[in-house]
Amino acid sequence: MKSVWLLGVSLLTFCSASFAQNSTAYTPSELALFADESLKQSIGQLEAGVPIKLLQSKQDASQIELEMWRKKKGFGRIWYNQFSKQITDAIMDKNFMQNNPTFEVLESKEDPLTGLVWQKVKLQAWVKNSKFTDSLTDFLGKCGTNLQDRM
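Letter by letter, the sequence shown follows residues 97 to 247 in the numbering used here.
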């Protein structure tokens with residue numbers, strides 16, 4: 097199973113598609129996150145296949161917006177795809193999270209099973225220019241790959 101996941105992640109690296117600004121797209125591979133357009137102030141890392149919103153593209157960098165869930169206490173620097181689900185989308189740098197990061201809390205919600213408070217957060221950040229895709233289904237299809245056929 098691990099080799100299928102690794103194969104999927106490597107395939108994501110080679111796919112590309114056109115991408116319209118201000119619409120949802122997905123990261124093609126793991127991407128470093130930065131606070132600045134010059135890509136010098138690292139703030140974390142995104143996983144492959146993470147939904148993002150492209151705000152603007154410059155010569156070497158793209159400004160993106162992330163909307164994710166995090167636990168208010170404990171591992172608040174791990175950001176997740178969905179409320180109360182342990183599907184990691186981003187891992188923020190410890191230094192960034194300890195120095196009053198500028199993200200917006202959109203919503204707070206208590207997990208009825210654990211009692212933990214989760215926060216839906218929004219953050220603008222910069223990434224090195226990449227080829228984003230607008231659909232995870234298209235993402236694998238453009239590679240001409242069906243993971244089930246490769247097993």
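Think of the CB as a built atom: it goes at the ideal place given N, C-alpha and C, for glycine as much as any other residue.
Note that the structure is a prediction, hence the values are computed from the model and not measured.
Check whether residue i and residue j have beta carbons under 7 Å apart
| i | j | result |
| --- | --- | --- |
| Asp-158 | Val-223 | With the sequence shown as reference, residue 158 is identified as Ser, and Asp is not the correct amino acid for it. Their beta carbons are under 7 Å apart, which means Ser-158 touches Val-223 by this criterion. |
| Val-217 | Arg-166 | yes |
Closest by C-alpha distance to residue i, when choosing among the options
| i | options | result |
| --- | --- | --- |
| Gln-220 | Glu-163, Lys-136, Gln-137 and Gln-141 | Glu-163 |
| Gly-145 | Leu-151, Asn-177 and Gln-215 | Asn-177 |
Length of the line joining the Cα atoms of residue i and residue j
| i | j | result |
| --- | --- | --- |
| Leu-108 | Ala-121 | With a pLDDT of 35 at Leu-108, under the threshold of 50, the predicted position of this residue should be treated as unreliable, and no value is reported. |
| Lys-181 | Gly-211 | 14 Å |
| Ala-186 | Ile-148 | 11 Å |
| Phe-199 | Leu-127 | 19 Å |
| Phe-130 | Phe-192 | 10 Å |
| Asp-230 | Lys-154 | 19 Å |
| Lys-227 | Thr-123 | 8 Å |
| Met-188 | Ser-204 | 19 Å |
Query raised in the report: Does the region 226 to 234 come close enough to the region 168 to 184 to have 3 or more Cβ pairs within less than 8 Å?
Result: no
Report task. Pick out the complete beta strand (DSSP E) segments inside the region 180 to 207, 3 residues or longer, and give them in chain order. Result -> Here the runs fully enclosed are 184 to 188 and 200 to 206.
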